[in-house]
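Engineer: Line by line, the protein sequences are chains A and B.
The opening residue of the first sequence carries number 1019 in this note's numbering; numbering runs sequentially from there.
The opening residue of the second sequence carries number 1019 in this note's numbering; numbering runs sequentially from there.
Protein chains: 2
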Amino acid sequence: MEQLFVIKIGGNVIDDEENLAAFLQDFTSINAKKILVHGGGKIATKIGEQLGIASNYVNGRRITDEATIDLVTMVYGGLVNKKIVAKLQSMQCHAIGLTGADANIITAVKRPVKEIDYGFVGDVVKEKIGVKNLEALLVNNFPLVVAPLTHDGNGQMLNTNADTVASSLAVALSASYNVRLIYCFEKKGVLENIGDDDSVITLITKEKYQQLLHEKKLFDGILPKIDNAFEAINSGVKEVLIGHANDLLQNVTANTKGTLIK
Amino acid sequence: MEQLFVIKIGGNVIDDEENLAAFLQDFTSINAKKILVHGGGKIATKIGEQLGIASNYVNGRRITDEATIDLVTMVYGGLVNKKIVAKLQSMQCHAIGLTGADANIITAVKRPVKEIDYGFVGDVVKEKIGVKNLEALLVNNFPLVVAPLTHDGNGQMLNTNADTVASSLAVALSASYNVRLIYCFEKKGVLENIGDDDSVITLITKEKYQQLLHEKKLFDGILPKIDNAFEAINSGVKEVLIGHANDLLQNVTANTKGTLIK
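#1: What do you reckon, are the CB atoms on Gln1107 (chain A) and Gly1115 (chain B) nearer than 8 angstroms?
#2: Could you please give me the residues that DSSP links to Cys1111 (chain B) through a beta bridge?
#3: Is it a yes or a no for the region 1062–1075 of chain A touching the region 1090–1105 of chain A, going by three-plus beta-carbon pairs under 8 angstroms?
#4: Buried or exposed: Met1019 (chain A), going by 16 or more other Cβ atoms within 10 Å of its Cβ?
#5: Counting along the chain, where does the alpha helix (DSSP H) carrying Asn1246 (chain B) start and finish?
#6: If we ignore side chains and look at the alpha-carbon of each, how far apart do Ser1192 (chain A) and Glu1153 (chain A) end up?
#7: For the region 1096–1114 of chain B, list every residue whose C-beta sits within 7 angstroms of some C-beta in chain A, in sequence order.
#8: Unbroken alpha helix (DSSP H) runs of length 4 or more, entirely within the region 1039–1085 of chain B: which are they?
#9: Kindly indicate the opening and closing residues of the beta strand (DSSP E) around Asn1196 (chain B).
#10: Taking CB distances under 8 angstroms as the criterion, tell me whether Val1183 (chain B) reaches chain A.
#11: If I follow the unbroken alpha helix (DSSP H) through Gly1029 (chain A), where does it start and stop?
#12: In chain B, which residues lie less than 7 angstroms from Phe1088 (chain A) when you measure between Cβ atoms?
#13: Assign Asp1245 (chain B) to buried or exposed, taking buried as 16 or more other Cβ atoms, counted over all protein chains shown, within 10 Å of its Cβ.
#14: Please state the DSSP three-state secondary structure of Ala1126 (chain B).
#15: Where DSSP assigns a beta bridge to Lys1026 (chain A), which residues make up the other side?
#16: Could you spell out where the alpha helix (DSSP H) holding Asp1181 (chain A) opens and where it closes?
#17: Leu1191 (chain B) CB to nearest chain A CB: under 8 angstroms?
#18: Please name the residue, chosen from A:Asn1159, A:Thr1117, A:Ala1126, that lies closest to Val1143 (chain A) on a Cα-to-Cα basis.
#19: Tell me, please, which residues DSSP counts as bridged to Ile1134 (chain B).
#20: Can you give me the Cβ contacts of Val1031 (chain A) inside the same chain, cut-off strictly under 7 angstroms, excluding the 5 residues immediately before and after it?
#21: Is it the case that the Cβ atoms of Ala1188 (chain A) and Val1024 (chain A) are separated by a distance below 8 angstroms?
#22: Excluding the 5 residues flanking Lys1079 (chain A) on each side, which residues of the same chain have their C-beta closer than 8 angstroms to its C-beta?
#23: Which bits of chain A does Phe1041 (chain B) rub up against, with CB to CB less than 9 angstroms?
#24: Using a Cβ-Cβ cut-off of 8 angstroms, state whether Leu1187 (chain A) counts as contacting chain B.
#25: For Gly1254 (chain A) and Ala1184 (chain A), I'd like the C-alpha separation in whole angstroms.
#26: Is there a C-beta anywhere in chain B that falls below 8 angstroms from the one on Met1175 (chain A)?
#27: Taking only beta carbons into account, state which residues of the region 1132–1164 of chain A come closer than 7 angstroms to chain B, listed in chain order.
#28: So if DSSP puts Val1164 (chain B) in a beta bridge, which residue, or which two residues, is it bridged to?
#29: What does DSSP give as the partner residues of Asp1141 (chain A) in its beta bridges?
#30: If you reduce the DSSP assignment to three classes, tell me which class Ile1219 (chain A) lands in.
#31: Once you ignore the five residues that flank Ala1004 (chain B) on each side, which residues in its own chain have a CB closer than 6 angstroms to its CB?
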């Protein structure tokens, strides 16, 4: 099967113009099918403040009321997405910027209200990922740049976590591509010693993971990331790489940087 | 050659939710390749005011400073474009929303500063329209929804008039498609008698145009629209239709509404 890279970047890359340019140059250099999923960055909060829309988080999730879904649709789907796409064009990378609504690629359901009403937050409906339309775009060699927004199929945009968007796309496309899912974050990889930034664990297999858990070597924040990685692998993704955005190109062309999970 | 419809709607359709829904239902019903180009509507001005960005017009054109290009990128490329696309998905019309930067479809040059500095306003570079990429999307039967935004090829988004975006796309695609360019506006067509909304002139040929000009029958505001229509036709577009958005479906399936220019 042909190789496909699904790469997720967060706010720390987006908010720094120079960092972003270097990252996009690396992304452009990848000579394979590729999808970039981006988060929102601090700009949504900043513009929200100017518009008098307060950011309201519960358990690390933004509560998305009506004003907020319009805000993130503007900022993630418009400002951030097009800034990235225009920059990529200048590097001769002829990407298409998308939200989950475009070409019906990601349908979600509005999260049911239990103890907390998250508002217009969408949980991806895996079986409704628009695989055929995604393939039609990828076959034409369009690199895709996807904002963390979905739609409910009834005309409503929804706010969806960028990590989830990335893993949902990776899993759905793993039937037709050999998918490597790459999470860029602020560390160089999963660290053996939280105090030592260079103590990157190069490879984590299921056995190694059990051993690391047993030895209580993994710091708390990394556990959900590794759990998500194994979930993606159990659902068909070939491998998951966790590393720093600056190391992207080396991550892609070899396995010399970051933590590979398989 | 296969038929292609390029349809432009302005703020009067976008600003009214009910009008927009009816229009999009008609757009969905068109059983042919289709491109919808939308303007911005009043929402950009409203959000601009909330953000403290004053709207500044000279000769009917918005002066686009740095804050304003970010504003219109958010509002046209994000909010308005995705609102339309999400609504179309609910009608089973699996459109892709684009700006001129996406898939490199419309490159423009920043308007040179003469007496007036228009700021980040882009004049379309006709020979750089991304015909091949547009065709790749149309061949896959994706209806396209295009915001009035272009890019300069060096990473900068630019603000471009929606009428110009529509005619530029229509002309560039006329080599591969039999193109009908449709301008929706607030009247039912070109009127023989400005005081009578039903006095629509059904057909304007070059000869008829000369005659109407000679008889001084045409009201001022319509002249540039007819001139633009003939310019498009002289550049390859098969016909231009000017009419009311409510009459769209009849316009498309027959010639019983609006003014046809050929």
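Quick reminder that beta carbons are idealized off the backbone N, C-alpha and C, glycines included.
Structural biologist: Put simply:
#1: In the first sequence, the residue the question calls residue 1107 (chain A) occupies position 89. In the second sequence, the residue the question calls residue 1115 (chain B) occupies position 97. Cβ distance not < 8 angstroms, so Gln1107 (chain A) and Gly1115 (chain B) don't count as in contact.
#2: For the purposes of this step, residue 1111 (chain B) is taken as the residue at position 93 of the second sequence. Cys1111 (chain B) is not bridged to any residue.
#3: yes
#4: By 1-based counting over the first sequence, the position of residue 1019 (chain A) is 1. By the neighbour-count rule (16 or more Cβ atoms within 10 Å), Met1019 (chain A) is not buried but exposed.
#5: Against the second sequence, residue 1246 (chain B) aligns to sequence position 228. Note, Asn1246 (chain B): alpha helix (DSSP H), 1241–1252.
#6: Taking the first residue of the first sequence as position 1, residue 1192 (chain A) is located at position 174. Taking the first residue of the first sequence as position 1, residue 1153 (chain A) is located at position 135. Ser1192 (chain A) and Glu1153 (chain A): Cα-Cα distance of roughly 11 angstroms.
#7: Gly1096, Leu1097, Lys1100, Val1103, Ala1104, Lys1105, Gln1107, Ser1108, His1112, Ile1114
#8: 1061–1068
#9: The sequence position of residue 1196 (chain B) within the second sequence is 178, counting from 1. Residues 1196–1203.
#10: As a working note, residue 1183 (chain B) is residue 165 in the second sequence. Judged by the 8 angstroms Cβ criterion, Val1183 (chain B) is not in contact with chain A.
#11: Stepping through the first sequence from its first residue, residue 1029 (chain A) is reached at position 11. From DSSP, the alpha helix (DSSP H) with Gly1029 (chain A) extends over 1029–1032.
#12: Residue numbering aside, residue 1088 (chain A) sits at position 70 when the first sequence is read from its first letter. The sequence as given places Asp at residue 1088 (chain A); Phe does not occur at that position. Neighbours of Asp1088 (chain A) on chain B, chain order: Leu1097.
#13: Taking the first residue of the second sequence as 1, we reach residue 1245 (chain B) at position 227. That one is exposed.
#14: Translated into positions along the second sequence, residue 1126 (chain B) becomes position 108. Reduced to three states, the DSSP call for Ala1126 (chain B) is strand.
#15: Translated into positions along the first sequence, residue 1026 (chain A) becomes position 8. A:Val1055, A:Tyr1201, per the DSSP bridge assignment.
#16: Counting from one through the first sequence, the residue named residue 1181 (chain A) turns up at place 163. Here the alpha helix (DSSP H) through Asp1181 (chain A) covers 1180–1191.
#17: Here residue 1191 (chain B) is taken as the residue at index 173 of the second sequence, counted from 1. No, because no Cβ of chain A sits closer than 8 angstroms to the Cβ of Leu1191 (chain B).
#18: Here residue 1143 (chain A) is taken as the residue at index 125 of the first sequence, counted from 1. Out of A:Asn1159, A:Thr1117, A:Ala1126, A:Ala1126 has the C-alpha closest to the C-alpha of Val1143 (chain A).
#19: For this step, residue 1134 (chain B) is matched to residue 116 along the second sequence. Answer by DSSP bridge pairing: none, since Ile1134 (chain B) is not bridged.
#20: Working through the first sequence from its first residue, we reach residue 1031 (chain A) at position 13. For Val1031 (chain A), where only same-chain residues beyond five positions count, the Cβ hits under 7 angstroms are Asn1037, Leu1038, Phe1041, Cys1202, Ala1263.
#21: The sequence position of residue 1188 (chain A) within the first sequence is 170, counting from 1. The sequence position of residue 1024 (chain A) within the first sequence is 6, counting from 1. It is a contact, given that the beta carbons lie within the stated cut-off.
#22: Within the first sequence, numbered from 1, the residue matching residue 1079 (chain A) stands at position 61. Residue 1079 (chain A) is actually Arg in this sequence, not Lys. The answer, listed in chain order, is Tyr1136, Val1139, Asn1179.
#23: As a first step, residue 1041 (chain B) is located in the second sequence; it is residue number 23 there, counting from the start. Within chain A, no residue comes near Phe1041 (chain B); the closest Cβ sits about 14 angstroms away, beyond 9 angstroms.
#24: Numbered from 1 along the first sequence, position 169 holds the residue referred to as residue 1187 (chain A). Cβ-Cβ to chain B under 8 angstroms: no for Leu1187 (chain A).
#25: Counting from one through the first sequence, the residue named residue 1254 (chain A) turns up at place 236. Counting from one through the first sequence, the residue named residue 1184 (chain A) turns up at place 166. Gly1254 (chain A) and Ala1184 (chain A): Cα-Cα distance of roughly 14 angstroms.
#26: By 1-based counting over the first sequence, the position of residue 1175 (chain A) is 157. Yes, Met1175 (chain A) counts as interfacial toward chain B.
#27: Asn1151, Ala1154, Asn1158, Phe1160
#28: Taking the first residue of the second sequence as 1, we reach residue 1164 (chain B) at position 146. Bridge partners of Val1164 (chain B): B:Val1055, B:Leu1116.
#29: Taking the first residue of the first sequence as position 1, residue 1141 (chain A) is located at position 123. Asp1141 (chain A) is bridged to A:Val1127.
#30: Mapped onto the first sequence, residue 1219 (chain A) falls at position 201. Coil.
#31: Only positions 1019 to 1280 of chain B appear in the structure, and residue 1004 (chain B) is not among them; the question remains open.
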